[in-house]
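**Student:**
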Amino acid sequence: MSESNVSNGVHKPEPTRAPLLSIADVSVRFAGVKALSDVSFQVQPGELFAVIGPNGAGKTSLFNVISRVYQPVAGSVTYDGGDLLRLKTYQVARAGIARTFQNLGQFPTMTVMDYLLLGRHTRMRSGVVLGGLYFIQTRAEEKHNRAYCLRLLDLIGLKNASNYPLGSLPYGLQKRADIARALALEPKLLLLDEPVAGMGLEETEDIAAVILDIKEQLGVTQILVEHDMALVMGIADRVLVLDFGRVIAQGTPAEAQANPDVIKAYLGEEFGGSAAALPAPTEEQRS
Amino acid sequence: MSASPKATATSTTLPTVNSAPPSRLLRSRASRWIATILVVAVVVIFFSVGNDDWFSIVNYTLIAAIAALALNVLSGYTGQVSLGIAFFMAIGAYTSAFLGGNRPSSSLDPLGLALPFIIWLPAAGIVAALVGALVGPSALRLKGFYLGIVSLSLIFIGQYIFLNARGITGGPQGRTFPIPAIGGAAFDQQNAFFGLALTTGQQYFLLNLVVLTLASFFVYNVMRSRAGRAFQAVRDNETGATIMGVNLFEVKMGAFVLSSFLAGVAGALYASFSRYIAPDYWSLTLSIQFVAAIIIGGVASVWGSILGAAFVFGLPLVIDHFNWLPVGGSGIISSSDLNALLFGLLIVVFLLFEPGGVIGLARRGQALTRRFNSHKEGGESAEITDLPADQ
Numbered sequence: 108m109s110e111s112n113v114s115n116g117v118h119k120p121e122p123t124r125a126p127l128l129s130i131a132d133v134s135v136r137f138a139g140v141k142a143l144s145d146v147s148f149q150v151q152p153g154e155l156f157a158v159i160g161p162n163g164a165g166k167t168s169l170f171n172v173i174s175r176v177y178q179p180v181a182g183s184v185t186y187d188g189g190d191l192l193r194l195k196t197y198q199v200a201r202a203g204i205a206r207t208f209q210n211l212g213q214f215p216t217m218t219v220m221d222y223l224l225l226g227r228h229t230r231m232r233s234g235v236v237l238g239g240l241y242f243i244q245t246r247a248e249e250k251h252n253r254a255y256c257l258r259l260l261d262l263i264g265l266k267n268a269s270n271y272p273l274g275s276l277p278y279g280l281q282k283r284a285d286i287a288r289a290l291a292l293e294p295k296l297l298l299l300d301e302p303v304a305g306m307g308l309e310e311t312e313d314i315a316a317v318i319l320d321i322k323e324q325l326g327v328t329q330i331l332v333e334h335d336m337a338l339v340m341g342i343a344d345r346v347l348v349l350d351f352g353r354v355i356a357q358g359t360p361a362e363a364q365a366n367p368d369v370i371k372a373y374l375g376e377e378f379g380g381s382a383a384a385l386p387a388p389t390e391e392q393r394s
Numbered sequence: 034m035s036a037s038p039k040a041t042a043t044s045t046t047l048p049t050v051n052s053a054p055p056s057r058l059l060r061s062r063a064s065r066w067i068a069t070i071l072v073v074a075v076v077v078i079f080f081s082v083g084n085d086d087w088f089s090i091v092n093y094t095l096i097a098a099i100a101a102l103a104l105n106v107l108s109g110y111t112g113q114v115s116l117g118i119a120f121f122m123a124i125g126a127y128t129s130a131f132l133g134g135n136r137p138s139s140s141l142d143p144l145g146l147a148l149p150f151i152i153w154l155p156a157a158g159i160v161a162a163l164v165g166a167l168v169g170p171s172a173l174r175l176k177g178f179y180l181g182i183v184s185l186s187l188i189f190i191g192q193y194i195f196l197n198a199r200g201i202t203g204g205p206q207g208r209t210f211p212i213p214a215i216g217g218a219a220f221d222q223q224n225a226f227f228g229l230a231l232t233t234g235q236q237y238f239l240l241n242l243v244v245l246t247l248a249s250f251f252v253y254n255v256m257r258s259r260a261g262r263a264f265q266a267v268r269d270n271e272t273g274a275t276i277m278g279v280n281l282f283e284v285k286m287g288a289f290v291l292s293s294f295l296a297g298v299a300g301a302l303y304a305s306f307s308r309y310i311a312p313d314y315w316s317l318t319l320s321i322q323f324v325a326a327i328i329i330g331g332v333a334s335v336w337g338s339i340l341g342a343a344f345v346f347g348l349p350l351v352i353d354h355f356n357w358l359p360v361g362g363s364g365i366i367s368s369s370d371l372n373a374l375l376f377g378l379l380i381v382v383f384l385l386f387e388p389g390g391v392i393g394l395a396r397r398g399q400a401l402t403r404r405f406n407s408h409k410e411g412g413e414s415a416e417i418t419d420l421p422a423d424q
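Protein sequence lines, in the order shown, are assigned to chains A and B.
The opening residue of the first sequence carries number 108 in this note's numbering; numbering runs sequentially from there.
The opening residue of the second sequence carries number 34 in this note's numbering; numbering runs sequentially from there.
1. If I measure Cβ to Cβ from B/Ser-293 and keep anything under 7 angstroms in the same chain, skipping five residues before and after, which residues do I get?
2. Could you work out which residue in B/Val-77, B/Phe-220, B/Ile-70 and B/Ser-89 is closest to B/His-354 when comparing CA atoms only?
3. Going along the chain, which residues of its own chain have a beta-carbon closer than 7 angstroms to the beta-carbon of B/Ala-263, five neighbours each way excluded?
4. Could you list which residues in chain B have their beta carbon closer than 7 angstroms to that of A/Glu-208, in chain order?
5. Tell me whether B/Gly-362 is buried or exposed, calling it buried when 16 or more other Cβ atoms sit within 10 Å of its Cβ.
6. So for B/Ile-212, helix, strand or coil by DSSP?
7. What's the C-alpha gap between A/Ile-355 and A/Ala-289?
8. Helix, strand or coil for A/Gly-189, going by three-state DSSP, please let me know.
9. Do A/Val-396 and A/Asp-190 have their CB atoms nearer than 9 angstroms?
10. Quick one: what does DSSP say A/Thr-359 is sitting in, helix, strand or coil?
11. Among A/Tyr-271, A/Gly-139, A/Gly-182 and A/Pro-126, which has the Cα closest to the Cα of A/Phe-156?
12. Count the other CB atoms within 10 Å of the CB of B/Arg-208; is the residue buried (16 or more) or exposed (fewer)?
13. Using a Cβ-Cβ cutoff of less than 7 angstroms, which residues in the same chain neighbour B/Phe-323 once the five nearest sequence positions on both sides are dropped?
14. Say yes only if the C-beta of B/Tyr-193 is nearer than 8 angstroms to one or more non-hydrogen atoms of the ligand SAM, and no if none qualify.
15. State the DSSP-derived secondary structure class of B/Ser-52, mapped to helix, strand or coil.
16. Pull up the distance between the alpha-carbon of B/Ile-190 and that of A/Tyr-197, whole angstroms please.
17. May I ask you to report which of helix, strand or coil DSSP gives A/Gly-279?
18. For B/Phe-238, which residues in the same chain have their Cβ closer than 8 angstroms to its Cβ, ignoring the five residues on either side in sequence?
19. Can you tell me whether A/Val-158 is helix, strand or coil according to DSSP?
20. Which residue or residues does DSSP assign as beta-bridge partners of B/Thr-272?
21. Ordered along the chain, which non-local residues of its own chain (more than five positions away) have a Cβ less than 7 angstroms from that of A/Leu-338?
22. Under DSSP, the beta strand (DSSP E) around B/Asn-224 begins and ends at which residues?
23. Using a cut-off of 9 angstroms between C-beta atoms, extract the partners of B/Asn-241 located in chain A.
24. Tell me which residue opens and which closes the alpha helix (DSSP H) that B/Phe-220 is part of.
25. Mapping DSSP to helix, strand and coil, what is A/Arg-288?
26. Could you run through the segment 212-229 of chain A and flag, in chain order, every residue whose CB is less than 7 angstroms away from some CB of chain B?
27. Count the other C-beta atoms from every protein chain shown that fall within 10 angstroms of the C-beta of A/Val-369, then say buried if there are 16 or more, exposed otherwise.
28. A/Val-133 lies in the alpha helix (DSSP H); which residues open and close that run?
29. Between A/Gly-375 and the rest of its own chain, which residues show a CB-CB distance below 7 angstroms, the 5 nearest in sequence each way excluded?
30. With distance defined between alpha-carbon atoms, name the residue in A/Glu-154, A/Ala-287, A/Gly-279 and A/Pro-161 nearest to A/Asp-221.
If you want it as structure tokens, here you go:
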């Protein structure tokens, strides 16, 4: 993704056969508790891939494996043709994987602009000495990257908030700022950790629109972890369903929705087999 | 999905924010006022007061401000708890003494290489920074309280070394420290620079002011660029920062090295201005005074460091100077006891009610004035209501 893409948004990823991310038989354990067992899936470039499942199904653990926060006890993770498990946590961002946070409020005093610039940390160079001297080089770097972040904020509808501390923004805008910060990395792969958790219908639709913009205009591959079934069914290309750390279904949203195991996992035994019990995507999300 | 629905923000408006955007070093109204008052005070004192008592107070305050800035880099901006600032100041002071001190005339004198000022002052910072780089990695394993304990141990290890390394520190009796000299004009005598006859106090004052100004701008610049953003991100959330690509090792080493460098320079300046120091000066008490300074002045703020130093180190000297307190046997309370009491109380009060320190209070006042003004004009200028409605 080159810089101009943010403004004109016409770039589409070239269709490639090789998956961008390939996860094979990954298992994660904590003190004997299996958080993930033999999880395997592949994400194609440009795809909007969703991971769903009830609470405690292992969705966030899966993200923590891809972000190299958790070390899997078994399995392999291949990203962009290389072994992701060889990277240290901080190197994952440089490789082009950005992640939004489930919990906000981690950087309350930072301004929105600084937060986006922090998201571009790996795209910038100056260290303590160059920063402290603030000579031409650093000055130019700051200016260039601020301009980039401002365009991004404009795109995501937060331009006027750029100088306000994150903590002073309402929840929905903080979520949006977090997505902008992740995009500031110019990622190849964007991990969205429950982007609409705690949001109302209207805000959810706003975020859904942002996610689709990212896919269609920026062509960024996305993995979405979400509770909101309606959202996932409405926008995802493919869905992976986890329950108790195991993959119970994988396929298009319609296939996953029709799977009796999925219904059982979500609604319990007595509803098993009744696909109608699942919430249908709303009209807006389909359109 | 039909034609891409653009990011829709139509219904979302920002409420009035309580906290104003962060003030710049010299661009916000409050800091411009502070700067103006300081500059006026400085000029008035400089040209009207020949009395070196006043320069002594100002000089100690300026030097303390450099050290407070050093601690703020490490604790305020990067969130690494440290009680070791006095240790790094001592490293700087003894480096300057060894490099710049007089050559020993007898075998009892402490060592000195009699190198020029232009070498010993930067060297004081560099050696302290190297020691900081040795200690830095411990911050990778330890956080918060535990790191505080490690930094505390530095004070005691330092005390032991300084009492016993007689060759450099002079042992328990202490030693003299070198005097800055520019082009053969040593600061302990009256010298004429550009036709101005300057006393010792005035010469030190100019030197300290230049060093503090350079240090302030350096720290301010770091904090508004890539490295400083990473420092602050690590303070707020280490895991989050790492996921965004911040290398914790780089950040913590950077913070320790920069902080120790400034502390080392401050230590050398302090020792030089004091002329004579015994090792027990570099105590835990000194470190705690700096912690008090940044909490009272303002955590993660350049101006906060300077104000805090003025409050904790300058004010007691002023009180002593005017004999505002009955001191000695007949007195109710000595100024040092009163200070200890006052600062203890102030730390608690500020932590409870204004964690931003004096600078936080100033910013709050600024936000209030702005809101008041916008009401007066009938406008809502402190409010953002026009997030772009997308096409």
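All C-beta atoms, glycine included, are put in the ideal place defined by N, C-alpha and C.
Please read these numbers as outputs of a predicted model, since none were measured by experiment.
**Tutor:** Straight from the coordinates:
1. The beta carbon of B/Ser-293 sits closer than 7 angstroms to those of Phe-121, Ala-161, Ala-162, Val-164 and Gly-165, all from its chain and outside the five residues before and after it, given in chain order.
2. Restricting attention to B/Val-77, B/Phe-220, B/Ile-70 and B/Ser-89, the CA atom closest to the CA of B/His-354 is found in B/Ser-89.
3. Ala-274, Val-279 and Val-284
4. Here the sequence assigns Phe to residue 208 of chain A, which means Glu is not the residue at that position. The contacting residues are Gly-273.
5. Low confidence applies here, because B/Gly-362 scores a pLDDT of 47, under 50, leaving its location unreliable and the question unanswered by this model.
6. Here B/Ile-212 sits in coil by DSSP.
7. 30 angstroms
8. strand
9. Nothing about residue 396 of chain A can be read from this structure; chain A reaches only from 108 to 394.
10. Three-state DSSP puts A/Thr-359 in coil, outside helix and strand.
11. A/Pro-126
12. buried
13. Ala-100, Ala-101, Leu-104 and Ile-118
14. As presented, the structure is devoid of all ligands, the ligand SAM included, so that no description of it is given.
15. Residue confidence for B/Ser-52 is low, a pLDDT of 41 falling below 50, so the modelled location carries little weight and cannot support an answer.
16. When rounded, the distance between both Cα atoms is 34 angstroms.
17. In this structure, A/Gly-279 counts as helix in the three-state DSSP scheme.
18. Phe-79, Phe-88, Val-91, Asn-92 and Leu-95
19. strand
20. B/Thr-272 pairs with nothing; no bridge assigned.
21. If we look at A/Leu-338 and ignore the five residues flanking it on each side, its Cβ neighbours are Val-303, Thr-311, Ala-315 and Gln-392.
22. 224-226
23. Result: empty, since nearest Cβ-Cβ is about 19 angstroms, beyond 9 angstroms.
24. Here B/Phe-220 belongs to no alpha helix (DSSP H), and DSSP marks it neither H nor E.
25. helix
26. Per Cβ criterion, the list reads Gln-213, Phe-214, Met-217, Thr-218, Asp-221, Leu-224, Leu-225, Gly-226, His-228 and Thr-229.
27. buried
28. First-last for A/Val-133: 128-137, but that is the beta strand (DSSP E), not the alpha helix (DSSP H).
29. Within the same chain, A/Gly-375 has no close Cβ partners at all.
30. A/Ala-287
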